[in-house]
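Okay, so here's the structure we're looking at.
Residue numbers (our numbering): 24 to 210.
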């Protein structure tokens with residue numbers, strides 16, 4: 024069960040993997056006719072969505088990194104600009120994740136990243152200043168009470184260099200019209 028109830032033999036039978044888009048406590052119990060039921064196995068899952076649509080612009084000595092708030096399940100029919108990962112209808116208060124802030128990571132090779140902000144960022148942008156001429160790579164994570172999200176997509180930004188064009192949204196299948204943006208740094 025995912026509604027907090029103790030599993031019974033009358034509940035839905037598990038037959039295939041299922042997806043969780045909200046925080047959930049999953050309870051499972053095994054049954055067999057004429058046997059004593061198993062103990063209940065319980066586990067908690069925290070769903071921590073990552074920031075979206077990261078972009079950056081460079082100058083001759085600094086980079087501004089920008090991003091959108093993480094997608095939330097309740098955003099399916101509204102704008103994707105909320106600071107919560109929503110709730111489970113069975114217990115809305117306990118299943119709401121609020122973004123506490125963001126961390127920004129930088130790399131000079133696109134592989135070895137280091138967190139560059141000294142404290143959590145509460146806005147959707149970060150200015151990384153006093154940089155040497157180079158191409159830098161950035162990603163952003165969202166911090167929640169339960170931990171840190173997976174990294175956003177990585178964006179290259181040139182300081183004093185022209186960077187390779189970046190397409191947004193990422194390639195994929197879309198159900199409807201898609202507005203494609205191209206960006207590259209020419210500073």
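Ideal placement from N, C-alpha and C gives every residue a C-beta, glycine not left out.
Taking 8 Å as the threshold (C-beta atoms), are residue j and residue i in contact?
i	j	result
residue 144	residue 127	yes
residue 206	residue 182	no
residue 158	residue 197	no
residue 191	residue 26	no
Shortest alpha-carbon distance to residue i belongs to which of the options?
i	options	result
residue 147	78, 197 and 187	78
residue 46	149, 33, 200 and 120	120
residue 73	202, 83, 91 and 84	91
residue 179	132, 198, 168 and 41	132
residue 259	200, 201, 124 and 130	In the structure as shown, the chain starts at 24 and stops at 210, and residue 259 therefore has no counterpart that could be examined.
residue 43	69, 28, 37 and 32	69
Given residue i, which residues of its chain have a CB within under 6 Å of its CB, disregarding the five upstream and five downstream residues?
i	result
residue 162	128, 174, 175 and 177
residue 50	24, 30, 63 and 65
Rounded to whole angstroms, what is the Cα-Cα separation between residue i and residue j?
i	j	result
residue 89	residue 71	19 Å
residue 59	residue 48	24 Å
residue 195	residue 35	34 Å
residue 160	residue 86	10 Å
residue 193	residue 172	19 Å
residue 101	residue 57	Because the pLDDT of residue 101 is 38, which lies under 50, any placement of that residue in the model is unreliable, and the number read from its coordinates should be weighed accordingly. Distance between the alpha carbons of residue 101 and residue 57 is about 50 Å.
By Cβ distance below 8 Å, which residues in the same chain neighbour residue i in space, the five residues on each side in sequence not counted?
i	result
residue 53	60 and 61
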